[in-house]
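Data block below; observations after.
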Amino acid sequence: MRKSSKIFVAGHRGMVGSAIVRHLLASGCPADLIVTAPHRELDLIEQADVRRFFERERPDQVYLAAARVGGIYANNTYPADFIYDNLMMELNVVDAAFRTGVKKLLLLGSSCIYPKLADQPIKESALLTGPLEPTNEPYAIAKIAGIKLCESYNRQYGDSHDVDYRCIMPSNLYGVGDSYHPQNSHVIPALIRRFHEAKVSGASSVTLWGSGTPMREFLYVDDMAAASVHIMDLPREDYKRLMPAGQSHINVGYGSDVTILEVATLISEIVGFTGSIGFDTTKPDGTPRKLMESEVARNLGWLPIVDLQQGLKLAYEDFLSREKVA
């Protein structure tokens, strides 16, 4: 189906969207069937603009990879922006897709949708079973709403309009195309920048937020893109047969986790920083552990292939190449 389908990738310039475009091209999708729109041409927060775009382009499939994202600092500093922007993007894109006859849509969420103290590894059934991590609750609520939005369109229009909107929840993503902003980035790109700048300046130590003890599961972005395309392209019969009854989203994770101290140590070695690593325990840790159970995704035929050390080396190479351009 993909070789004859017109595909809109929302957020194609971000790390997630650009990886999906790369994977679509590598797997044989003609470039002229991939529809993209930079922010200056299409603001997904503006409903009228989104509806006009869908009326004009009439895609067959939609990957909703656009999102306002960031680490603990950004989530704490801009909670209103995080909940409003992400809710509006989801509402506008999903509804415009339905109104113009899009049958297949994939929404990308985040592991932060799960309760702060969820049982580990986290199953999809843990959704809405407990309080969220306060530092990123607005973003998490927006992503939960996205899941329920797709679920609701499937329930109401799945049979009558052949609607098939799917959701995947990746673990912490990193890799080519990431944002290395000194304050607003996620943990891995933030650490890459910190250790690189410390090496260049000859600093004897680097102090990081929190205690270093929280555990995180990291997934290389191209593995996530492969999962996205694979799950999108599964025939509906196979997808329904393999999905647990009542489940509307799928975890996509690497399958193991590491402490923040462990990933910081690994990044420091890859970067070549030889000083010491300290932690500021007055700063928040966030959720103590987020390891997802990804058995459903594996049963659907997907497996990750890039391990953490290999992925971090690729991420650092990406950082260096973009720093030179800048």
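Residue numbering for the sequence shown follows this note's numbering, starting at 98 and increasing by one per position. Here a beta-carbon is modelled for each residue, glycine too, at the ideal position from N, C-alpha and C. A quick note: this is a predicted structure, and the numbers were derived from the prediction, not measured.
Looking at D182, G299, L203, E414, the one whose alpha-carbon comes closest to that of C247 is L203. Counting only the Cα atoms, D261 lies some 10 Å from P332. Contact between A239 and L205 is absent: CB atoms are separated by about 12 Å, not below the 8 Å threshold. If you draw a straight line from the Cα of A361 to the Cα of S301, it is about 15 Å long. If you draw a 10 Å sphere on the C-beta of A128, you find fewer than 16 other C-beta atoms in it, and that means exposed. Taking C-beta separations shorter than 7 Å and ignoring five residues to either side along the sequence, the partners of G168 in its chain run N281, S282, H283, V284, A287, following chain order. By the neighbour-count definition (other C-beta atoms within 10 Å, threshold 16), N348 is a buried residue.
Around the beta carbon of T232, a 10 Å sphere encloses 16 or more other beta carbons of the protein chains shown; the residue is thus reported as buried. In the structure shown, the three-state DSSP call for C264 is strand. Between H293 and F416, the C-beta gap is smaller than 8 Å, which places the two residues in contact.
In the three-state scheme derived from DSSP, where H, G and I count as helix and E and B as strand, G408 is classed as helix.
Annotation for S302: the continuous beta strand (DSSP E) segment containing it runs 302 to 306.
Here N396 is exposed, its C-beta having fewer than 16 other C-beta atoms within 10 Å. A Cβ-Cβ distance of about 5 Å is found for the pair T356 and M312, placing them in contact under the 8 Å criterion. In this chain, the beta strand (DSSP E) harbouring S373 covers 373 to 377. Here M389 carries a strand assignment [DSSP, helix/strand/coil].
Apart from the 5 residues on each side of it in sequence, Y160 sits with its Cβ closer than 6 Å to the Cβ of V106, I117, L203 in its chain, given in chain order. The straight-line gap separating the alpha-carbon atoms of T384 and Y211 is approximately 10 Å. Boundaries cannot be given for K103, as no beta strand (DSSP E) includes it and DSSP labels it neither H nor E.
F376 is the residue among F376, G350, G372, G352 whose C-alpha sits nearest the C-alpha of L358.
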